[in-house]
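*Asks:* In the working numbering, the protein residues as written are 779 to 1020.
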């Protein structure tokens, strides 16, 4: 037939058929179980294209380029608007990037699977040294209620901290994620890329205020009444501002 796009028509047919199948599958499983059964899907590249939205959450692999914090923030802002939960695993042997991504993804409202036996396109599967990542997952459990309650905000680190502090953080490769949990502001300090465990950085709020700091390596909270505290550039830290 002249002007008929067979490829487009087949793609549309496949998409509609898959959507109908997933809807029928979920209805049948829920009816058999007598309750809603949570289901996930493999949503390549964190895509929300059909039929992904018919599932409860997505799981996928991401590469090093997709682990960039700015790109992650864009993605998870959309996920928050859509009420979507995203779980990832990172294809990278860079332990520093793994640590940073674990902190960033959980801070942004998602989750990252423990880097164990990860499929790699360029060689053997990768498993991180447990001693280097277990403290981060222990921290996720510890601050779980804060993570669950937090949402995106228009506030940025530049609105909260002194210029000198921001310069020190930037020089150490430490990035920030600012979130809101009710009336509280949460600032996540995402581990940077220090060549060694250099000295902690002194970070100060632009306007003195009470601040509570917790970190993966030092889970006992430390309280500052003036808004001045120490951040270790190799550690995931969270500061809570009332």
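Positions of the beta carbon are idealized from the N, C-alpha and C atoms, including for glycine.
1. Under the three-state reduction of DSSP, which class applies to residue 895: helix, strand or coil?
2. Assign residue 954 to one of two classes, buried (16 or more other C-beta atoms within 10 Å of its C-beta) or exposed (fewer than that).
3. Between the Cα of residue 860 and the Cα atoms of 786, 789, 929, 798, which residue gives the shortest distance?
4. Identify every run of the beta strand (DSSP E) within the segment 940-980, keeping only runs that are complete inside it and at least 3 residues long; order them along the chain.
5. Quick test of the definition: if touching needs 3 or more C-beta pairs under 8 Å, does the segment 898-909 touch the segment 989-997?
6. Quick one: grab the DSSP three-state call for residue 925.
7. For residue 930, list the residues DSSP reports as bridge partners.
8. Roughly how many angstroms lie between the CA atoms of residue 820 and residue 879, to the nearest whole one?
9. Compare the C-alpha of residue 894 against each of 867, 855, 850 and name the closest.
10. Alpha carbon to alpha carbon, what distance is there between residue 856 and residue 847?
11. Taking only runs that begin and end inside the segment 793-849, name each unbroken beta strand (DSSP E) of 3 or more residues, in chain order.
12. I need the DSSP call for residue 864, collapsed to helix, strand or coil.
*Replies:* Quick look at the numbers:
1. Translated into positions along the chain shown, residue 895 becomes position 117. Coil.
2. For the purposes of this step, residue 954 is taken as residue 176 along the chain shown, with counting starting at 1. Result: buried.
3. Reading the chain shown from its first residue, position 82 is the one you call residue 860. Residue 929 is the option with its Cα nearest to residue 860.
4. 953-959, 962-968
5. no
6. Residue mapping note: residue 925 aligns to position 147 of the chain shown, counting from 1. Helix.
7. Residue numbering aside, residue 930 sits at position 152 when the chain shown is read from its first letter. In DSSP, residue 930 forms a bridge with 957.
8. The sequence position of residue 820 within the chain shown is 42, counting from 1. The sequence position of residue 879 within the chain shown is 101, counting from 1. C-alpha separation (whole angstroms): 19 Å.
9. On the chain shown, position 116 is the one that residue 894 refers to. Measuring from the Cα of residue 894, the nearest candidate turns out to be 867.
10. What you label residue 847 is simply residue 69 of the chain shown in a count that begins at 1. What you label residue 856 is simply residue 78 of the chain shown in a count that begins at 1. If I take the Cα positions, the gap works out to 14 Å.
11. 818-820, 835-840
12. Position 86 of the chain shown, counted from the first residue, corresponds to residue 864. DSSP places residue 864 in strand when its eight states are reduced to three.
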